[in-house]
Amino acid sequence: MSDAVLSLTHLHKHFGALQATNDVSLALEPGEIHALIGPNGAGKSTLIGQIAGHIRPDQGSIELGGETVTNLSVAQRARLGLGRSFQVSSLAEPLSVMRNVMMSVQALQGHSFRFFKPVARDEALLAPALEALEHMQLGHRAWTPVSELSHGERRQVEVACALALKPRALLLDEPMAGLGPEGSARLTELLEALKRDVPILLIEHDMEAVFRLADRISVLVSGSIIAQGDSHAIRHDPLVREAYLGDCDA
Amino acid sequence: MINTTSRSAPEVAPTPRNERALDRKGVVQIALLAVLLILPVAAYVMGEFYYVNLASRITIIAMAAVGLNLAIGYGGMVSFGHAAYFGLGGYVAGIGAYHAFDATPFMTWPISLPGSDNLLVLWLAAALLCALLALVIGAISLRTTGVYFIMITLAFAQMIYYFANSWPTYGGEDGLPIYLRNSLPFVDSSDPLNYFLICFVGLLLAMALTSRLMKSRFGAALTMARLNDVRLATSGINPYPVRLVAFVISAAITGLAGALYADLNGFVSPTVLSWHFSGELMVIVILGGVGRLYGPLAGAILFVMMETFLGGITQYWQLFLGLVLLGVVLFAKHGVMGFLAGRERNE
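Going line by line, the protein sequences match chains Y and G. Numbering of the first sequence is given in this note's numbering, commencing with residue 4 and proceeding in unit increments. Numbering of the second sequence is given in this note's numbering, commencing with residue 785 and proceeding in unit increments.
This is the structure in structure tokens:
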């Protein structure tokens, strides 16, 4: 437990009478893909919001690489090494892929209040950004505007933006959503290669991908984690079958 | 349009279009500057000082709009209160001159501070005070977005307007005359052409600063704050301080223009603090092309020309201004610069 990269301890969050997060504890270990699944309305988005820093929990704490980040902003958490992608890609569309990725490099170097040196030829920004893009096999698209990219490529750019932060942990929110079988298979492959370097907390609806990729799975229902284990255990857990898989399997 | 999806992209950054040989945009930009520079020189030679001062007026208004364009166009912060900085800059020049003329101190406590009629001192004071005011107003206003930001910047500016209106020491609503134009060492600032050239250099410096800023890391962060602030935060940069610094720089530029304006007219009054003037600056930025480096200049030329020449024919000239603005907003979204020089690449 102590060597976990990202750990949530007894998180609580309610909106009025709705208990969106109810005593959630979860740990992301080095080298693993930990999947978080749950039916619609289970509180996945609220939980992601709390991990990324958009939402403050009512109780409980979040630690990233041994540091408590519960009260830090989105930007501070990112600089501490939390990379994330969004359910709906969130990039600056008119800008080139490179410009989007360079922003992370710039944040990591901590020099955003430099007013005179042009960035267009700043190797200190260009080289690491290109490296992150090549990691996601997108080096050939570096100078293409994001608006011209396919859906799947945008997902890859988001992951590249996260990688450029040299993250300790990746938080990927439904990266397979809206991808065709080909794109999905490709991203699965890239993520599998990635997990040795950076553990991934994967929120995903695509069950096939989850069972194939995830080392461990946590199942969130009505704000609580009702089961945790490897894919075999989750597949055969009666509670999970009832709450989640039951509605499609039975 | 070349289909970029099929060919492999280059490994290095492509040369930005504006660094290649002179293109249409470059021609338009140079033409604008040349017209602005040559006409007042010609008018001066012919002894038509009125037109020299008209060119100074265009230049100063353009500089104020360059400041506003940094906030609206580059930063996406729609400030409806930039008259506050323009007016404060003007009052710095006016009040400095007032005390220098009377040989009375501006204040005696906690430190004794005399008036000054040295333009360099007044400019520095105007820029610093406007930056300070913008730091306070921006720190509060930037906690809101959208319509609320527009309204809160307007509210702050109106507070300052009514304060100036009701404070009798410096003329209240009657305004404050500057009997002798504030001076520079070695240059006779009372000469209309010299004063125009001072303003022209000021405009060029403001535009060069904007251009340089927007190519830097700070500019990259500001652009991202405008386009997608969630992405900026997720990349590890907090948008708030980036916006605040841009807002402060924007206000300082507009404030400097205000100081130049007061000395051009030999007069400063609450009129330049009113929301009408904030609105005029916004109209100029939109007319010229939001987020275009030369937009404020094109907009100021068009605006002041219409005001002067149509205003000389009919007092209803603003009807025509309205029609032109309508045309620009409906048919040329990128303003006069977009119409003349083509669309800007986004990076």
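All C-beta atoms, glycine included, are put in the ideal place defined by N, C-alpha and C. Keep in mind that this is a model prediction, so the values were computed, not measured.
Which of helix, strand or coil DSSP assigns to residue i
{"i": "Ile36 of chain Y", "result": "strand"}
{"i": "Glu96 of chain Y", "result": "coil"}
{"i": "Lys999 of chain G", "result": "helix"}
{"i": "Ala948 of chain G", "result": "helix"}
{"i": "Phe119 of chain Y", "result": "coil"}
{"i": "Ile895 of chain G", "result": "coil"}
{"i": "Val1067 of chain G", "result": "helix"}
{"i": "Gly63 of chain Y", "result": "strand"}
{"i": "Thr937 of chain G", "result": "helix"}
{"i": "Thr191 of chain Y", "result": "helix"}
{"i": "Val332 of chain Y", "result": "Within the shown structure, residues of chain Y are numbered from 4 to 253, placing residue 332 of chain Y beyond reach of any answer."}
{"i": "Phe864 of chain G", "result": "coil"}
{"i": "Leu50 of chain Y", "result": "helix"}
{"i": "Leu1048 of chain G", "result": "helix"}
{"i": "Phe1093 of chain G", "result": "helix"}
{"i": "Ser1053 of chain G", "result": "coil"}
{"i": "Pro131 of chain Y", "result": "helix"}
{"i": "Phe970 of chain G", "result": "coil"}
{"i": "Ile206 of chain Y", "result": "strand"}
{"i": "Thr71 of chain Y", "result": "strand"}
{"i": "Ala165 of chain Y", "result": "helix"}
Proximal residues to residue i (C-beta, below 8 Å), its chain only, five neighbours per side dropped
{"i": "Ser1019 of chain G", "result": "Met1008"}
{"i": "Ala1017 of chain G", "result": "Pro1023"}
{"i": "Leu908 of chain G", "result": "none"}
{"i": "Phe890 of chain G", "result": "Ile879, Gly880, His883, Leu897, Pro898 and Gly899"}
{"i": "Ala939 of chain G", "result": "Gly865"}
Delimiting residues of the alpha helix (DSSP H) encompassing residue i
{"i": "Leu1110 of chain G", "result": "Trp1101 to Phe1115"}
{"i": "Leu903 of chain G", "result": "Leu903 to Ser925"}
{"i": "Ala180 of chain Y", "result": "Note, Ala180 of chain Y: premise wrong, no alpha helix (DSSP H); not H, not E."}
{"i": "Leu838 of chain G", "result": "Phe833 to Asn853"}
{"i": "Leu152 of chain Y", "result": "Per DSSP, Leu152 of chain Y belongs to no alpha helix (DSSP H) and is neither H nor E."}
{"i": "Gly874 of chain G", "result": "Ala867 to Asp886"}
{"i": "Asp1013 of chain G", "result": "Asp1013 to Thr1018"}
{"i": "Arg808 of chain G", "result": "Arg808 to Val829"}
{"i": "Glu1128 of chain G", "result": "Here Glu1128 of chain G belongs to no alpha helix (DSSP H), and DSSP marks it neither H nor E."}
{"i": "Arg80 of chain Y", "result": "Val77 to Arg82"}
Extent of the continuous beta strand (DSSP E) run through residue i
{"i": "Asp26 of chain Y", "result": "Leu21 to Leu31"}
{"i": "Gly232 of chain Y", "result": "Ser227 to Gly232"}
{"i": "Ile220 of chain Y", "result": "Arg219 to Val224"}
{"i": "Thr12 of chain Y", "result": "Leu9 to Phe18"}
{"i": "Ser88 of chain Y", "result": "Leu85 to Ser88"}
Check: residue i C-beta below 7 Å from any heavy atom of the ligand MG
{"i": "His114 of chain Y", "result": "You won't find the ligand MG in this model; it holds no ligand whatsoever."}
Buried or exposed (CB count within 10 angstroms, at least 16 for buried), residue i
{"i": "Glu185 of chain Y", "result": "exposed"}
{"i": "Thr49 of chain Y", "result": "buried"}
{"i": "Leu1086 of chain G", "result": "buried"}
{"i": "Ala915 of chain G", "result": "buried"}
{"i": "Gln159 of chain Y", "result": "buried"}
{"i": "Gly1106 of chain G", "result": "exposed"}
{"i": "Ala217 of chain Y", "result": "buried"}
{"i": "Asp901 of chain G", "result": "buried"}
{"i": "Leu964 of chain G", "result": "exposed"}
{"i": "Glu834 of chain G", "result": "Looking at the sequence shown, residue 834 of chain G is not Glu but Tyr. It counts as exposed."}
{"i": "Arg59 of chain Y", "result": "exposed"}
{"i": "Thr994 of chain G", "result": "buried"}
{"i": "Arg1127 of chain G", "result": "exposed"}
{"i": "Arg927 of chain G", "result": "exposed"}
Among the options, nearest to residue i - alpha-carbon criterion
{"i": "Thr73 of chain Y", "options": "Y:Gln140, Y:Leu190 and Y:His13", "result": "Y:His13"}
{"i": "Glu126 of chain Y", "options": "Y:His17, Y:Gly232, Y:Gln109 and Y:Asp218", "result": "Y:Gln109"}
{"i": "His1118 of chain G", "options": "G:Leu1071, G:Leu1094, G:Asn949 and G:Phe1104", "result": "G:Leu1071"}
{"i": "Ile921 of chain G", "options": "G:Val905, G:Tyr882 and G:Gln942", "result": "G:Gln942"}
{"i": "Glu177 of chain Y", "options": "Y:Leu190, Y:Asn103 and Y:Trp146", "result": "Y:Leu190"}
{"i": "Ser64 of chain Y", "options": "Y:Ser115, Y:Gly84, Y:Leu9 and Y:Asn103", "result": "Y:Leu9"}
{"i": "Ile1068 of chain G", "options": "G:Ala1082, G:Thr1055 and G:Val1056", "result": "G:Ala1082"}
{"i": "Leu223 of chain Y", "options": "Y:Leu205, Y:Glu211 and Y:Ala212", "result": "Y:Leu205"}
{"i": "Ala818 of chain G", "options": "G:Leu988, G:Leu1006 and G:Val1074", "result": "G:Leu988"}
Proximal residues to residue i (C-beta, below 6 Å), its chain only, five neighbours per side dropped
{"i": "Leu968 of chain G", "result": "Leu903"}
{"i": "Glu161 of chain Y", "result": "Ser88 and Ser92"}
{"i": "Ser1034 of chain G", "result": "Gly851, Leu854 and Ala855"}
{"i": "Ala45 of chain Y", "result": "Leu223 and Val224"}
{"i": "Val812 of chain G", "result": "Leu1124 and Ala1125"}
{"i": "Glu32 of chain Y", "result": "Ala7"}
Contacting residues, own chain, Cβ-Cβ under 7 Å from residue i (five flanking each side not counted)
{"i": "Ser76 of chain Y", "result": "Gly56"}
{"i": "Ser1058 of chain G", "result": "Ala867 and Tyr945"}
{"i": "Gly34 of chain Y", "result": "Lys198, Arg199 and Pro202"}
{"i": "Ser28 of chain Y", "result": "Leu11, Thr12 and His13"}
{"i": "Gln22 of chain Y", "result": "Gly226"}
Within-8 Å CB hit, residue i to chain C
{"i": "Ala1005 of chain G", "result": "Given the protein chain composition of this structure (Y and G), no chain C is represented."}
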